[in-house]
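Protein sequences appear in the order of chains A and B.
Position in the first sequence (from 1) plus 897 gives the number in the numbering used here.
Position in the second sequence (from 1) plus 1264 gives the number in the numbering used here.
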Amino acid sequence: MRGMSETPRLMTRTFAHLSDEAVVAMLARSDESALAELYDRFGRVAYGLALRILRDERLAEDAVQEGFLAAWRNADRFIPERGKASTWLLTLVHRRAVDLVRREDRRRAEPLTDGVDAPSSGSAEDDAWLRFERERVQSALKQLPDQQREALELAYYGGFTQSELAERLGEPVGTIKSRMFTGLARLRELLADPRPGEAAWKPTPYTT
Amino acid sequence: MEADALHDLTAAYALNALDAEDAGRYEAHLARCQRCQSELAELSESASALAYAADAPRPSPELRSRILEQARSERPNVVPLRPRWLRPVIAAAAVAACAAIGLGLWASSLSGKLDRTEADLARQQRVAQILAQPGSHKIAFSRGTLVVGADGKGALLLNQLAEPGSGRTYEAWVADGGAPQPAGLFSGGTTVAVPLDQPVRAGATVLVTEEKAGGTEAPSRAPFLIVRNTAQS
Ligand SMILES: [Zn+2]
């Protein structure tokens, strides 16, 4: 997710060479340009996720804002040993979006559709990267058995709790739990294949 | 809920697919379960990969500046943002003092706080009464102590707790096999005594979150403190 440039730069990109985890370490020192860097790396995918869940641009922006501010306030609680910085950040945004969709009761349950790319004014490089990631994850999702994919999509994009899913699908909660677990574990295997070109943008380790 | 059942909630938690009650129980379990911590790290990574499968149109350019402006206005050198434990070394010493606390010691620290309001004093006296009960249990943790009297009344003693953010409050909760119940609002301080408005039975969990001023009926965010009453009933 390097090199996004969606707005005029307010600051120089002093952190462009740092890993995501290193940027979060800077964030924990309340370094505002670290927050800008994090937004430039993940703002767009975070917004896409929130919009997928909330289907409303204003609410989606609210969820992104709350998620990034939660990261700003809680960066000192990020534990690198327990996961990647991108996972941590996207989980914060996802949680805000799910809270909002439950509160607004806007949940729907259409399957994930392969959307048409939105018109874009960003660099071709960014779009290519996002498109590559999207196709990679979508194709991994398609390889899951239907019931596992359905459980993951309804939970993650639909904002349904496991109990609501059990009721909706007429299955015991235990069945839903095991579909979620197996689905996520399988997805992990499917996504584990090395990405082409990864070495080209691998960040340097953080050393201070 | 049995530990086995709690281990089984990891995937749903990674997907944010638990209701507040189950999420609270799971988080309390997670704090102590290595197996769930490493499993959650893996499953969360898969879950967050799902974010990339959604279309990614651009948000409005103003969103970036709104986020940065809001962050700037919350800089910690202006207002402490969150429970930031001010001086961990001193806090550790204070915990030791707390664990051995006698009523006399407590009363002397009470009398030193002339700026306390009546309400604060009433709260501290409620805490002192719990501490004075013979057979009260003290569960020490890194930044304070949970005290539970023989009658089930409980109090949290917290050390070196920064003030909550502006327009916000700390809120204590007691979860005892059901949804966390509101158990009192409080702010920061060098030594904070929080009498809990809910009984803390053996096995119950006390949680603290930061909430909007006035508090809420259900936790709106993850607790920054989770203490279980490990005393035998
Ligand atoms: Zn566990």
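Glycine included, every Cβ here is placed at the ideal spot set by N, Cα and C.
| By how many angstroms is the C-alpha of Q1040 (chain A) removed from the C-alpha of E1475 (chain B)? | E1475 (chain B) and Q1040 (chain A) have their C-alpha atoms roughly 42 Å apart.
| task | With hydrogens ignored, establish whether the beta-carbon of H991 (chain A) is closer than 6 Å to any heavy atom of ligand 1. | result | No, Cβ of H991 (chain A) sits at least 6 Å from all heavy atoms of ligand 1.
| Leaving out the 5 sequence neighbours to the left and right, which residues in its chain are closer than 8 Å to P1487 (chain B) when beta-carbon positions are compared? | So the qualifying residues of the chain are G1288, E1291, W1437, L1471, V1472 and T1473.
| Measuring from the CB of H1401 (chain B), is there a heavy atom of ligand 1 at a distance below 6 Å? | No - ligand 1 has no heavy atom lying nearer than 6 Å to the Cβ of H1401 (chain B).
| Can you name the residues of chain B whose CB is closer than 9 Å to the CB of A925 (chain A)? | Scanning chain B for C-beta atoms nearer than 9 Å to the C-beta of A925 (chain A) yields nothing, as the closest lies near 10 Å away.
| request: Using beta-carbon positions only, say whether V942 (chain A) and Y1316 (chain B) come within less than 7 Å of one another. | output: By the CB criterion at 7 Å, V942 (chain A) and Y1316 (chain B) fall inside the cutoff.
| query | Do three or more CB pairs link the stretch 1267-1278 of chain B to the stretch 1290-1305 of chain B at distances below 8 Å? | reply | Taking one beta carbon from each stretch, the stretch 1267-1278 of chain B and the stretch 1290-1305 of chain B have 3 or more pairs nearer than 8 Å; the two touch.
| task | Compute the Euclidean distance between the alpha carbons of G1067 (chain A) and L1049 (chain A), then round it to the nearest angstrom. | result | Their backbone Cα atoms lie some 16 Å apart in a straight line.
| For A1447 (chain B), the nearest candidate out of B:G1453, B:Q1462, B:A1396 and B:G1441 (CA to CA) | The candidate whose alpha carbon is nearest that of A1447 (chain B) is B:Q1462.
| field | Limits of the alpha helix (DSSP H) - the one that E1061 (chain A) falls within | value | Q1059 to L1066 is the span of the alpha helix (DSSP H), which, as asked, contains E1061 (chain A).
| Where does the unbroken alpha helix (DSSP H) through G1071 (chain A) begin, and where does it stop? | Unbroken alpha helix (DSSP H) run through G1071 (chain A): V1070 to L1088.
| task | Kindly identify the DSSP beta-bridge partner or partners of T1469 (chain B). | result | T1469 (chain B) has B:A1439 and B:R1492 as its beta-bridge partners, per DSSP.
| task | Measure from the C-beta of L966 (chain A) to each C-beta in chain B and report whether the shortest distance is under 7 Å. | result | So yes, L966 (chain A) belongs to the interface.
| Apart from the five residues just before and just after W985 (chain A), which ones in its own chain have a Cβ nearer than 6 Å to its Cβ? | Hits under 6 Å: F975.
| task | Please list, in chain order, all residues of the same chain as S1451 (chain B) whose beta carbon is under 7 Å from its beta carbon, the five residues on each side excluded. | result | Only E1427, P1428, T1433 and Y1434 meet the Cβ criterion.
| Contact between the stretch 914-933 of chain A and the stretch 953-962 of chain A (3+ Cβ pairs under 8 Å) | The stretch 914-933 of chain A, when compared against the stretch 953-962 of chain A, does not touch it at the 8 Å Cβ threshold.
| field | Buried or exposed by the 16-neighbour rule on C-beta atoms within 10 Å, applied to S1430 (chain B) | value | Answer is exposed; the Cβ neighbour count stays below 16.
| field | R1492 (chain B) Cβ short of 6 Å to ligand 1 heavy atom set | value | Within 6 Å of the C-beta of R1492 (chain B) there is not a single heavy atom belonging to ligand 1.
| Proximal residues of chain A, C-beta to C-beta of D1283 (chain B) below 8 Å | From the beta-carbon of D1283 (chain B), the residues of chain A found nearer than 8 Å are T1058 and S1060.
| query | Which residues, in order along the stretch 985-1002 of chain A, keep a beta-carbon less than 7 Å from a beta-carbon of chain B? | reply | For chain B, the residues of the stretch 985-1002 of chain A that bring a beta carbon within less than 7 Å of one of its beta carbons are L987, T988, H991, R992 and V995, in chain order.
| query | CA-CA distance, L1084 (chain A) and R1031 (chain A)? | reply | A straight line joining the alpha-carbon of L1084 (chain A) with that of R1031 (chain A) spans about 14 Å.
| Which bits of chain B does A982 (chain A) rub up against, with CB to CB less than 7 Å? | Below the 7 Å Cβ cutoff, chain B contributes no neighbours of A982 (chain A), its closest Cβ being approximately 11 Å away.
| said: I'd like the span of the beta strand (DSSP E) that includes I976 (chain A), first residue to last. | reply: Element bounds for I976 (chain A): n/a, residue is neither H nor E.
| query | Just checking my contact of A1419 (chain B) with G1399 (chain B) at CB under 8 Å: how many whole Å lie between their CB atoms? | reply | About 15 Å separates the beta carbon of A1419 (chain B) from that of G1399 (chain B), a gap too long to meet the 8 Å contact definition.
| field | Helix, strand or coil at T1480 (chain B) according to DSSP, with G and I counted as helix | value | Coil, per DSSP.
| request: With a threshold of 16 other CB atoms inside 10 Å of the CB of T1455 (chain B), please say whether the residue is buried or exposed. | output: Burial call: buried.
| query | What residues does ligand 1 have around it, judged by CB closer than 6 Å to any heavy atom, in chain order? | reply | Of all residues, those with a beta-carbon under 6 Å from at least one heavy atom of ligand 1 are B:L1270, B:H1271, B:H1293, B:C1297, B:R1299 and B:C1300, reported in chain order.
| Of the listed residues B:S1484, B:R1328, B:A1318 and B:D1283, nearest to E934 (chain A) (C-alpha basis) | Looking at the Cα atoms, B:R1328 is the closest of the given residues.
| What did DSSP end up calling R1351 (chain B) once you bin it into helix, strand or coil? | Residue confidence is low: R1351 (chain B) scores 35 on pLDDT, short of 50, so the model does not pin down where it sits. Its coordinate-derived value is still stated next. Coil, per DSSP.
| said: So R979 (chain A) contacts chain B; which residues on that side make the cut at Cβ distance below 9 Å? | reply: Simply Q1301, S1302, L1304, A1305 and S1308.
| Should S1036 (chain A) be labelled buried (16 or more other beta-carbon atoms within 10 Å of its own) or exposed? | Classification for S1036 (chain A): exposed.
| task | Note down, in chain order, each residue of its chain lying with its Cβ closer than 8 Å to the Cβ of Q1059 (chain A), except the 5 sequence neighbours on either side. | result | Cβ-Cβ distances below 8 Å link Q1059 (chain A) to A1052, V1070, I1073, K1074 and M1077 in the same chain, with the five nearest sequence neighbours on each side left out; the list follows chain order.
| query | Alpha carbon to alpha carbon, how far is P1042 (chain A) from V1034 (chain A)? | reply | When rounded, the distance between both Cα atoms is 15 Å.
| field | Endpoints, the beta strand (DSSP E) within which L1294 (chain B) is located | value | No beta strand (DSSP E) holds L1294 (chain B); the alpha helix (DSSP H) holding it covers A1284 to L1294.
| task | Show which residues of chain B have a CB atom less than 7 Å away from the CB atom of V1034 (chain A). | result | A1313, L1314, Y1316 and A1317, listed in chain order.
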